[in-house]
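Here's the structure, in structure tokens; my notes come after.
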Amino acid sequence: MPVLSSVRWYNNKSKTEFPLGLDFSYNFESLKEKLGEPGIKSSDISPISLNDDGSESFYRWETILDNERSHVWGLEYTDDQVINHFSLGLKFQKPALYLYSEWGNEKFEKFISQHNFDRTADLMFLQWAIERDLVTISNSNRSERKEVACYRMGTCS
Numbered sequence: 262m263p264v265l266s267s268v269r270w271y272n273n274k275s276k277t278e279f280p281l282g283l284d285f286s287y288n289f290e291s292l293k294e295k296l297g298e299p300g301i302k303s304s305d306i307s308p309i310s311l312n313d314d315g316s317e318s319f320y321r322w323e324t325i326l327d328n329e330r331s332h333v334w335g336l337e338y339t340d341d342q343v344i345n346h347f348s349l350g351l352k353f354q355k356p357a358l359y360l361y362s363e364w365g366n367e368k369f370e371k372f373i374s375q376h377n378f379d380r381t382a383d384l385m386f387l388q389w390a391i392e393r394d395l396v397t398i399s400n401s402n403r404s405e406r407k408e409v410a411c412y413r414m415g416t417c418s
């Protein structure tokens, strides 16, 4: 079942009224006055997200509209000194380790048969974490889980 999780406006040809009367003409200082400090900036994600001169490449604000339904709206302001987009959507945070897709009612057989970068990266992280005792798992399942991770990545010895 397809799920629409977010909508973005890159211009306002639709004449949408954004919360707090904001529009694409706002500058950084005006946004800070209305919204406070940005919730996230490029350096919070990774140093490689910075510009070559070390300055931030973007700032993002996000506000919860409906906590019960996880509705949020936000905007991104870029180093071009413009608002790149406004967004409205569901709150989404990708966990560090995501092995099961509840949207697809995934079965273990399907999981084991899929070979893609994201799954391999997650499994490499899981194997690394298990080997260093950074993940707490029951002792009865420890060897099986380690075997699943190495089997899936083809690194079993």
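Going by my numbering, the first residue of the sequence shown is number 262, and it counts up by one from there.
Cβ atoms here follow ideal geometry from the backbone N, Cα and C, with glycine treated the same way.
Give me the Cα-Cα distance between Ser318 and Trp389, rounded to the nearest whole angstrom. Their Cα atoms are separated by approximately 32 Å.
Taking 8 Å as the limit between beta carbons, can you name the residues of its chain near Pro280, skipping five residues before and five after? Thr324, Leu326, Trp334, listed in sequence order.
Whose C-beta lies closer than 8 Å to the C-beta of Gln452 among residues of the same chain, with five residues either side of it excluded? Residue 452 is absent from the model: the chain starts at 262 and stops at 418.
How about Trp322 and Gly350: do their beta carbons lie closer than 8 Å? No; because the gap between Cβ atoms is not below 8 Å, this pair is not in contact.
For Gly282, does the three-state DSSP call read helix, strand or coil? Judged by DSSP in its simplified three-state form, Gly282 adopts helix.
Candidates Asp314, Asn345, Arg330, Glu329: which alpha carbon is nearest Leu336's? Distances from the CA of Leu336 to each of Asp314, Asn345, Arg330, Glu329 were compared; the closest alpha carbon is that of Asn345.
Within the same chain, show all residues whose beta-carbon is closer than 6 Å to that of Lys302, passing over the 5 residues directly before and after it, in chain order. A distance below 6 Å between beta-carbons, with the five flanking residues on each side excluded, links Lys302 to the following residues of its chain, in chain order: Glu317, Tyr320.
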